[in-house]
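K.L.:
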Amino acid sequence: MKTIKIGLIGCGRVSSFHVEGYQKIEDVEIKALCAPRLEKAYALAEKFSLKNVEFFSDYRDMLAQKNIDAVDIMTPDYLHSKIAIDCAAVGLPILCEKPLALNSQEAKIMYEAVKSADILAMVGFVYRFNPSVLTVKELIDSGAIGDIYHFRARLSTPRLSNPDLPLEWRLDRNKGGYGAISDLGSHFIDLARFLTGDEFALVMGVGQIFIHDRRRIDTSDVEHVTAYDSASICGKLKKGTMINIEVSRFAAGGSTFEIDGSHASVRFANDQLYIWKKEVIDHQKPSTEFVPLDISQFDLYETNLYASFIKCIQDGVHGQPDFYDGLVCQQVIDSVDESIRTGRMIVIH
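Its first residue numbered 4, the sequence shown is counted upward by one per residue in my numbering.
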């Protein structure tokens, strides 16, 4: 297979996961690193012993070199749109971190740009590549779960709960979108669509900012936090599945979801999978004992996303999750924010 030379745009916190993933894949060479602060690119290269790498502070200079086969965009959310559109203009396959954009207007322009250019463009919804999640997908598609009644999910991290943490782009609506909804909620909004094969019909949301003011990282000035620290999403899919998603950047870390169907229920808890099969249910003594399923896991399942992206490039085909999936997810996110702001249920067309 042809070795794919990839350029990474953005060398922040998540970039380490991407580099580690690519290093586990054959026929991939990390050819270029781009970051406005070059010291971050240098540090990333040193951390992973990357050789023969070119460094850029402006992604447009990297594109002008014409010596890469694809790009991986890992910048703050507000930069995704411009970079992706410019990459599409020169015909480069794109992997873009989630959420795809700040809002659905940007996401639609990005989707139309890659569609017009007829290029591979994928979004980093990594849960689709988790072995336990793929087992749930197989169970649903085989009919083992039956009609889907409920999808309940919770994703949380405590990192931003430190009141002394300075203001960063994730806390700014103009740079990080809708905070926890965009950052964390996008994962399970996409997962609900992926697992059920259904679309959102309506949503209601409640959001909260717990620490309203933080100091700037470069000065002693204090500014307002404008992106949600936490949110609860209630909704329904078009075929009737009830949706409950809770996301927080102020809670003990964890990733869980449950799906209840007419034949069985499954529980995903921090990569482990459990199942409860409905057999004879005594309404006096209902049994809900979940049995663990032995699913082969590994340290970095995200590697499957990167491997899929590279394989699609080598085979000259389109792959999923793609920019259309990113657009639909962003439309749901926008609707949740509208519900929080207006206090109304939002119907999604």
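All residues carry an ideal CB built from backbone N, CA and C; glycine is no exception.
Figure out for me which residue from D318, I298 and R63 has the closest Cα to the Cα of A92.
P.N.:
Nearest of D318, I298 and R63 to A92, Cα basis: R63.
K.L.:
Flag this pair as yes or no: are the beta carbons of G238 and F203 separated by less than 7 Å?
P.N.:
A contact, by the Cβ cut-off of 7 Å.
K.L.:
Rounding to the nearest angstrom, what Cα-Cα distance links I3 and E292 in this structure?
P.N.:
With the chain running from 4 to 352 in the structure shown, residue 3 is simply not present.
K.L.:
When you compare the stretch 108-122 with the stretch 211-219, are there three or more beta-carbon pairs, one atom per stretch, that lie closer than 8 Å?
P.N.:
These segments do not touch.
K.L.:
Measuring alpha carbon to alpha carbon, tell me which of E261, S265 and H266 ends up nearest L276.
P.N.:
Of the listed residues, the one whose Cα sits closest to L276 is E261.
K.L.:
What does a CB cutoff of less than 8 Å around M4 pick up in its chain, not counting 5 residues either side in sequence?
P.N.:
Closer than 8 Å at Cβ, skipping near neighbours: E29, D30 and Q317.
K.L.:
Within the continuous alpha helix (DSSP H) that includes P134, where are the two ends?
P.N.:
P134 to S145 is the span of the alpha helix (DSSP H), which, as asked, contains P134.
K.L.:
Look up A272 in the DSSP assignment and give the residues it is bridged to.
P.N.:
Paired residues: T259 and Q275.
K.L.:
Does DSSP put Q26 in a helix, in a strand, or in coil?
P.N.:
Q26: coil per DSSP, three-state reduction.
K.L.:
Between T397 and the rest of its own chain, which residues show a CB-CB distance below 7 Å, the 5 nearest in sequence each way excluded?
P.N.:
Because the chain spans 4 through 352 in this model, residue 397 falls outside it and cannot be assessed.
K.L.:
So, with DSSP's three-state summary, where would you put A230?
P.N.:
Coil, per DSSP.
K.L.:
In this structure, does DSSP put N307 in helix, strand or coil?
P.N.:
Helix.
K.L.:
For F197, I'd like the list of residues in its chain whose CB is within less than 6 Å of its CB, leaving aside the five on either flank, ordered along the chain.
P.N.:
Closer than 6 Å at the Cβ level, and outside the excluded window around F197, lie R131.
K.L.:
Taking the alpha-carbon positions, what's the F224 to L168 distance?
P.N.:
The sequence given here places Asp at residue 224; Phe does not occur at that position. Their backbone Cα atoms lie some 13 Å apart in a straight line.
K.L.:
If you check the beta carbons only, do C37 and F59 fall under 7 Å apart?
P.N.:
The answer is yes: Cβ separation under 7 Å.
K.L.:
Within its chain, find whatever has a CB closer than 6 Å to the CB of T160; leave out the 5 residues flanking it on each side and keep chain order.
P.N.:
Excluding sequence neighbours, T160 sits near R252 and G256.
K.L.:
When DSSP labels each residue in this structure, what does L187 get in the three-state scheme?
P.N.:
If DSSP states are grouped into helix, strand and coil, L187 belongs with the helices.
K.L.:
In three-state DSSP terms, what is C37?
P.N.:
The answer is strand: DSSP assigns C37 an E or B state.
K.L.:
Classify I220 as buried or exposed, calling it buried when 16 or more other Cβ atoms lie within 10 Å of its own Cβ.
P.N.:
Burial call: exposed.
K.L.:
Would you check if the distance between the CB atom of Y327 and the CB atom of Y114 is smaller than 7 Å?
P.N.:
Yes, these two residues count as a Cβ contact at 7 Å.
K.L.:
If you draw a straight line from the C-alpha of P295 to the C-alpha of I278, how long is it?
P.N.:
Whole-angstrom Cα-Cα distance: 6 Å.
K.L.:
Consult DSSP for L158 and reduce its assignment to one of helix, strand or coil.
P.N.:
Three-state result, L158: strand.
K.L.:
Would you mind stating whether P102 and S189 have Cβ atoms separated by less than 7 Å?
P.N.:
Yes, they are a contact pair.
K.L.:
Check the C-beta distance from V250 over to L187 and give it rounded, since I have them as a contact under 8 Å.
P.N.:
Right, the Cβ-Cβ distance comes to about 4 Å (below 8 Å), so this counts as a contact.
K.L.:
Identify, in the order they occur along the chain, each residue of the same chain with its Cβ nearer than 6 Å to the Cβ of G149, setting aside the five sequence neighbours on each side.
P.N.:
These residues qualify, in order along the chain: G264, S265 and H266.
K.L.:
Please return the same chain residues whose Cβ sits closer than 6 Å to the Cβ of S19, not counting the five positions on each side in sequence.
P.N.:
Excluding positions up to five away in sequence, the list is empty.
K.L.:
Report the three-state DSSP secondary structure of S116 (helix, strand or coil).
P.N.:
Reading off the sequence shown, one finds Ala at residue 116, where the question assumed Ser. In the structure shown, A116 sits in a helix (DSSP, three-state: H, G or I).
K.L.:
Could you tell me if K34 is buried or exposed, where buried requires 16 or more neighbouring beta carbons within 10 angstroms of its beta carbon?
P.N.:
Result: buried.
K.L.:
Helix, strand or coil for M65? Go by DSSP, reduced to three states.
P.N.:
Of the three classes helix, strand and coil, the one that applies to M65 here is helix, per DSSP.
K.L.:
DSSP on L240, reduced to helix/strand/coil?
P.N.:
The answer is strand: DSSP assigns L240 an E or B state.
K.L.:
Among all the DSSP beta bridges, which residues are the ones paired with P295?
P.N.:
Partner(s): Y277.
K.L.:
For E32, which of helix, strand or coil comes out of DSSP?
P.N.:
In this structure, E32 counts as strand in the three-state DSSP scheme.
K.L.:
Got a sec, what are the start and stop residues for the alpha helix (DSSP H) S84 sits in?
P.N.:
H83 to A92 is the span of the alpha helix (DSSP H), which, as asked, contains S84.
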